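Read through the structure below, which is laid out as structure tokens, and then see the notes.
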């Protein structure tokens with residue numbers, strides 16, 4: 001079990017500021033804003049404070065925060081903020097400490113586990129209460145402490161604060177992603193199972209309205225193939241409607257293999273479709289080698305894998321892999337639309353040409369369809385020629401046609417989006433998730449596209465199907481589901497400049513996002 005010694009610098013090492021025992025991050029933020037304003041005024045005392053850190057009258061709020069952090073002995077503002085959180089958690093009673101700690105160890109609602117933070121906090125406090133100490137030991141993989149505190153006859157007994165069976169705490173622990181905890185967690189799970197723990201036990205994660213199986217926890221939270229295999233060997237049901245779907249999201253690809261070998265069914269889970277949401281050709285090839293049905297018709301999306309791959313922005317190599325695995329290039333989706341139609345819809349002229357070469361050419365189209373295909377492919381001459389031939393064509397497009405703009409925004413096809421906007425496309429039409437193009441771009445962290453859409457009249461408060469707006473789309477994705485290479489701070493800055501209200505940063509925000517909000521609040 002981690003000892004109770006904090007790794008933070010001792011107060012005597014901090015100069016000249018000393019954090020109180022019960023610091024408040026909001027108070028420090030106010031101090032940083034005050035310092036920022038003083039620096040902008042050229043206040044002599046403020047400039048003297050900032051001089052050792054090469055910060056002067058032109059300082060940003062982030063630089064003022066850095067000065068404050070350095071004054072307290074920390075290399076950066078995020079490290080200072082983390083120490084404040086650690087101290088406040090340590091100051092809570094044991095029940096409060098464990099409740100906060102578990103949200104970092106296993107996550108909460110859409111919020112992913114923060115295992116590094118949980119591991120750092122676990123080192124800071126010795127717990128006297130048996131249940132509290134046992135919960136930490138289970139989630140950290142401290143088998144010796146688990147064996148000391150948990151008599152084998154009690155391996156089924158729920159533990160506060162989540163009324164969770166011990167096996168659930170261990171299996172759901174995000175600390176399985178930390179090397180220092182990984183082997184201990186594996187050993188802890190094996191010990192619990194050996195003493196009769198239920199491999200099909202469930203846990204109600206805070207913020208989720210239904211209990212989730214421990215196999216899902218080992219898959220999606222711990223992301224550990226060894227724990228998954230131990231649960232399966234002990235009788236965990238691989239067909240729990242969760243695990244295989246989320247296994248496709250994990251770096252440990254042995255999880256997919258273990259689930260399928262244990263009898264997990266691809267059909268009806270949308271797991272292959274989830275795999276195609278990712279630009280991961282080896283992952284797709286693995287799924288197909290494990291007998292995923294390349295012709296499955298999803299009952300929720302009404303598409304087959306070939307159609308879905310194109311809709312999610314996958315390219316020719318993915319299409320070819322699916323066809324090689326038996327996907328029918330002539331198959332239609334639930335609306336009767338062909339693969340060639342979808343390829344034209346997303347502007348994949350290379351896929352259209354390849355399909356034609358193997359005998360599946362797109363049928364001859366009317367002018368409207370040719371116009372849409374040209375827009376999708378960002379073929380401006382063809383698109384404008386269609387409008388010359390029929391000047392009122394854009395006004396005749398139906399809602400399904402108009403969805404092309406938000407669909408291409410979701411796929412990140414900025415050239416296509418730029419052309420449609422230049423042609424006069426309505427900017428706020430809903431698409432996937434009933435969300436506008438601005439919502440799609442904000443969710444992806446696509447600052448260039450957000451700027452383009454705002455220039456063409458998009459509004460920050462355009463709604464999405466979840467009841468939120470583009471500001472919420474940016475913040476939700478930036479905190480909980482960041483798209484690789486997404487620039488969420490820049491998107492947030494653009495939305496604030498466009499009139500969105502300044503949000504109040506929360507503790508789990510990335511520092512770059514929080515800094516943008518704090519700068520806007522000054």
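In the UniProt record's numbering, the protein residues as written are 1 to 522.
Here a beta-carbon is modelled for each residue, glycine too, at the ideal position from N, C-alpha and C.
None of these values were measured; they are calculated from a predicted model.
Whole-angstrom distance between residue j and residue i, CA atom to CA atom
i: residue 41; j: residue 24; result: 26 Å
i: residue 469; j: residue 194; result: 49 Å
i: residue 19; j: residue 89; result: 15 Å
i: residue 505; j: residue 513; result: 8 Å
i: residue 460; j: residue 162; result: 38 Å
i: residue 278; j: residue 310; result: 12 Å
i: residue 185; j: residue 170; result: 6 Å
i: residue 520; j: residue 371; result: 43 Å
i: residue 499; j: residue 305; result: 41 Å
i: residue 337; j: residue 444; result: 27 Å
i: residue 158; j: residue 439; result: 42 Å
i: residue 507; j: residue 462; result: 26 Å
i: residue 3; j: residue 96; result: Caution applies to residue 3, whose pLDDT of 38 falls short of 50 and renders its modelled position unreliable; the value that the coordinates give is listed next. Roughly 19 Å between the two C-alpha positions.
i: residue 111; j: residue 490; result: 22 Å
i: residue 257; j: residue 290; result: 7 Å
i: residue 59; j: residue 484; result: 30 Å
i: residue 421; j: residue 414; result: 10 Å
i: residue 392; j: residue 335; result: 27 Å
i: residue 435; j: residue 405; result: 11 Å
i: residue 368; j: residue 213; result: 49 Å
i: residue 35; j: residue 472; result: 30 Å
Proximity of residue i and residue j at Cβ, strictly below 8 Å
i: residue 231; j: residue 220; result: no
i: residue 67; j: residue 87; result: no
i: residue 128; j: residue 101; result: no
i: residue 407; j: residue 432; result: yes
i: residue 446; j: residue 412; result: yes
i: residue 378; j: residue 355; result: no
i: residue 132; j: residue 85; result: no
i: residue 260; j: residue 109; result: no
i: residue 252; j: residue 280; result: no
i: residue 271; j: residue 238; result: no
i: residue 346; j: residue 376; result: yes
i: residue 33; j: residue 61; result: yes
i: residue 63; j: residue 55; result: yes
Segment limits, alpha helix (DSSP H) that includes residue i
i: residue 358; result: Here residue 358 belongs to no alpha helix (DSSP H), and DSSP marks it neither H nor E.
i: residue 242; result: No alpha helix (DSSP H) holds residue 242; DSSP gives it neither H nor E.
i: residue 317; result: 316–324
i: residue 27; result: 25–41
i: residue 369; result: 367–376
i: residue 116; result: 115–122
i: residue 257; result: 254–261
i: residue 95; result: 94–106
i: residue 388; result: 380–389
i: residue 275; result: 271–276
i: residue 515; result: 511–521
i: residue 341; result: 339–345
i: residue 308; result: 305–311
i: residue 206; result: Run containing residue 206: none; DSSP gives neither H nor E here.
i: residue 401; result: 399–402
i: residue 507; result: Segment: none, residue 507 is in no alpha helix (DSSP H) and carries neither H nor E.
i: residue 282; result: 281–289
Closest residue to residue i among the options (Cα-Cα distance)
i: residue 206; options: 75, 103, 21; result: 103
i: residue 383; options: 211, 374, 503; result: 374
i: residue 535; options: 366, 224, 307; result: This structure gives no information on residue 535, because the portion of the chain shown stretches from 1 to 522.
i: residue 140; options: 421, 177, 277; result: 177
i: residue 188; options: 167, 254, 224; result: 167
i: residue 134; options: 32, 421, 192, 302; result: 192
i: residue 197; options: 152, 185, 213, 223; result: 152
i: residue 190; options: 226, 156, 280, 393; result: 226
i: residue 546; options: 200, 147, 182, 174; result: Given that the chain is displayed from residue 1 to residue 522, the structure contains no residue 546 and the question cannot be resolved.
i: residue 249; options: 222, 238, 235, 233; result: 222
i: residue 452; options: 437, 247, 465; result: 437
i: residue 441; options: 423, 422, 418; result: 418
i: residue 296; options: 319, 321, 269, 286; result: 269
i: residue 495; options: 474, 510, 509; result: 474
i: residue 245; options: 402, 287, 517; result: 287
i: residue 172; options: 247, 283, 117, 106; result: 106
(request) Output the residue ranges of the alpha helix (DSSP H) runs that lie fully inside the stretch 124–180 and measure 4 residues or longer, sorted by chain position. (result) Within the stretch 124–180, the complete alpha helix (DSSP H) runs of at least 4 residues are 130–140, 143–149, 166–172.
(message) So within the stretch 41–81, which uninterrupted alpha helix (DSSP H) runs reach at least 4 residues, ignoring any that extend past its ends?
(response) Fully enclosed alpha helix (DSSP H) runs of no fewer than 4 residues occupy 44–50, 61–71 of the stretch 41–81, in order along the chain.
(request) Please specify which runs of the alpha helix (DSSP H), each continuous and at least 4 residues long, are wholly inside the stretch 407–438, giving them in chain order. (result) DSSP assignment within the stretch 407–438 yields the following whole alpha helix (DSSP H) runs of 4 residues or more, N-terminal first: 414–422.
(request) Identify every run of the alpha helix (DSSP H) within the stretch 212–239, keeping only runs that are complete inside it and at least 4 residues long; order them along the chain. (result) As far as the stretch 212–239 is concerned, its whole alpha helix (DSSP H) runs of at least 4 residues are 225–233.
(request) Within the stretch 440–498, note down every full alpha helix (DSSP H) run reaching 4 residues or more, in order along the chain. (result) The stretch 440–498 contains these whole alpha helix (DSSP H) runs: 447–455, 470–480, 488–497.
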